[in-house]
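Numbering (our numbering), first residue to last: 297 to 828.
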């Protein structure tokens, strides 16, 4: 009897230690990989140099942040962490690295609570290498931090170790933190209130449910209130933001980048404007976007295709078979998030919460299928477990291969050419470089200059006119410019005969040319006109 109890105790200890060990191993790997990421890449870390780092500087200087697409929580956190690191970029990486570790561990506990231990322990390593999770674990962005807060809020809300009041209050507070990080964190508030009032997750009478829902909302507002107040003070509304521009680009067929949002900012000024512009198309496109988002999520573009397919099937099975209130809340949160995000264009990082859900639900389905098969065909316990581990291992292997390739490609995209360019500008500009026109904000922030957006021009003449309207001392033509302004690819060759652009620094191996703008030397335009 004693030996049996001892074996059971050891097994429980292993079960508790295994997920922690897996997450620690992941943390060690990602810490090493993160050291190789020395400067922001041209993808989503554009937001870091455009919004987050400059807003962190503004907050540190007592100014209100200028980013109207996201709240000020993440830049404020950068300010705090940078007191330790001394650099916003390093702070951003550390935040993502630590958040990725915590998010994975919290996701395991969420899966264990709502889908069972076997599904949870299978899903954990798959999550760590699924989609873009590993890549974003070393990026100076708010995506993984936001994801960790979302998982934490749902985990607390579905935990039976806490009483209803504590669950409602703590989940509301964490939801407030998520909202301060990204505005779509409001889905957590909707989920919690719906779960309390409609699903009756706490098994309480209606009057008590309404009080608990009110407590959840109050705790959310307490955390979010400083930002709500400051936003009201500066913009006239506590919930002011310009995400309606992102919606407009998607729903009306414009470019879903700054070319699109900058153009539409003069047309739309509110979410109401976007809806009223073409109500029929707005409604129709929403449902089209729902379908397209679902298809992308299972087509292999988002994560390893079998995981997406199994995740959707697991969602449906859990709806039918899992009767626990916590599981219902977990599924509800996934559904609400999915329906909310269908208002925006697709980016993998926008759907990371779906990534978590798919990983857990896919493994839940695998466990359920093999339990059924074991009973149906009287399979031996060890044989069934071996087959299950082989399938999960294959999924992990293929997902890990993709994650490795993604991380390598991401590290290769580091804008290392800017290091030498900034050194040149520091030497050449004794009084400080004031204005740099570039498609991306990286070089301007790194050189402590003012960024002038490289407008959507098609010809050298249009560029000349744009520089007259928005003067700049330097012009950058680089990889993002080549991609977004291909009509001006002549600028990629320093000896292009344009007299008013003097090449002063080049890194042709990285497709980078820095020009000094000399508009007084405009003989190129005269020569071009004569040739025509």
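The beta-carbon is built from N, C-alpha and C at its ideal position, and this holds for glycine as well.
Inter-residue spacing [alpha-carbon to alpha-carbon] between residue i and residue j
i, j, result
"residue 314", "residue 487", "31 Å"
"residue 471", "residue 631", "17 Å"
"residue 483", "residue 773", "40 Å"
"residue 702", "residue 428", "7 Å"
"residue 667", "residue 602", "19 Å"
"residue 884", "residue 693", "For residue 884 there is no data in the structure shown, the boundaries of the chain being 297 and 828."
"residue 688", "residue 707", "28 Å"
"residue 303", "residue 310", "11 Å"
"residue 759", "residue 753", "6 Å"
"residue 320", "residue 430", "14 Å"
"residue 536", "residue 363", "11 Å"
"residue 814", "residue 790", "15 Å"
"residue 743", "residue 330", "23 Å"
"residue 802", "residue 387", "30 Å"
"residue 334", "residue 355", "24 Å"
"residue 322", "residue 598", "21 Å"
"residue 779", "residue 736", "12 Å"
"residue 638", "residue 665", "31 Å"
"residue 686", "residue 679", "11 Å"
"residue 577", "residue 593", "23 Å"
Three-state secondary structure assigned by DSSP to residue i
i, result
"residue 813", "strand"
"residue 734", "strand"
"residue 825", "Caution is warranted here: a pLDDT of 43 is assigned to residue 825, below 50, making its placement in the model unreliable, and the coordinate value is therefore given only provisionally. Reduced to three states, the DSSP call for residue 825 is helix."
"residue 560", "helix"
"residue 570", "helix"
"residue 642", "coil"
"residue 272", "One cannot answer for residue 272 here, as it falls past the ends of the chain, which runs 297 to 828."
"residue 774", "coil"
"residue 769", "coil"
"residue 799", "strand"
"residue 808", "strand"
"residue 652", "helix"
"residue 747", "strand"
"residue 710", "strand"
"residue 315", "helix"
"residue 660", "helix"
"residue 408", "helix"
"residue 598", "coil"
"residue 365", "coil"
"residue 458", "coil"
"residue 497", "coil"
Nearest neighbour of residue i, chosen from the options [CA to CA]
i, options, result
"residue 698", "550, 600, 415 and 475", "600"
"residue 554", "778, 301, 346 and 302", "346"
"residue 627", "638, 653 and 637", "653"
"residue 454", "749, 624 and 736", "624"
"residue 709", "684, 663 and 776", "776"
"residue 478", "656, 439 and 593", "439"
"residue 448", "473, 611 and 577", "473"
"residue 808", "424, 718, 764 and 418", "718"
"residue 443", "725, 629 and 619", "629"
"residue 361", "305, 526, 613 and 504", "526"
"residue 422", "613, 616 and 662", "662"
"residue 767", "563, 660, 782 and 732", "732"
"residue 636", "402, 460, 671 and 543", "543"
Residue i, buried or exposed, once every other Cβ within 10 Å from all chains shown has been counted against 16
i, result
"residue 805", "exposed"
"residue 464", "buried"
"residue 794", "buried"
"residue 589", "buried"
"residue 585", "buried"
"residue 556", "buried"
"residue 499", "exposed"
"residue 822", "Residue confidence is low: residue 822 scores 45 on pLDDT, short of 50, so the model does not pin down where it sits. Its coordinate-derived value is still stated next. Per the 10 Å Cβ criterion, exposed."
"residue 456", "exposed"
"residue 755", "exposed"
"residue 591", "exposed"
"residue 673", "exposed"
"residue 816", "exposed"
Residue i vs residue j beta-carbon contact at 8 Å
i, j, result
"residue 622", "residue 658", "no"
"residue 436", "residue 392", "yes"
"residue 746", "residue 723", "no"
"residue 475", "residue 481", "yes"
"residue 416", "residue 404", "yes"
"residue 750", "residue 734", "yes"
"residue 620", "residue 410", "yes"
"residue 374", "residue 400", "no"
"residue 265", "residue 810", "Beyond the ends of the chain as shown, which are 297 and 828, falls residue 265; an answer cannot be given."
"residue 489", "residue 452", "no"
"residue 336", "residue 738", "yes"
Contact test: residue i Cβ vs the ligand FMN heavy atom, cutoff 7 Å
i, result
"residue 562", "In terms of ligand content, the structure shown is empty, and the ligand FMN therefore cannot be addressed."
is_contact[residue i, chain D] using C-beta, thresh 8 Å
i, result
"residue 576", "Here chain D cannot be found, since the structure has a single protein chain."
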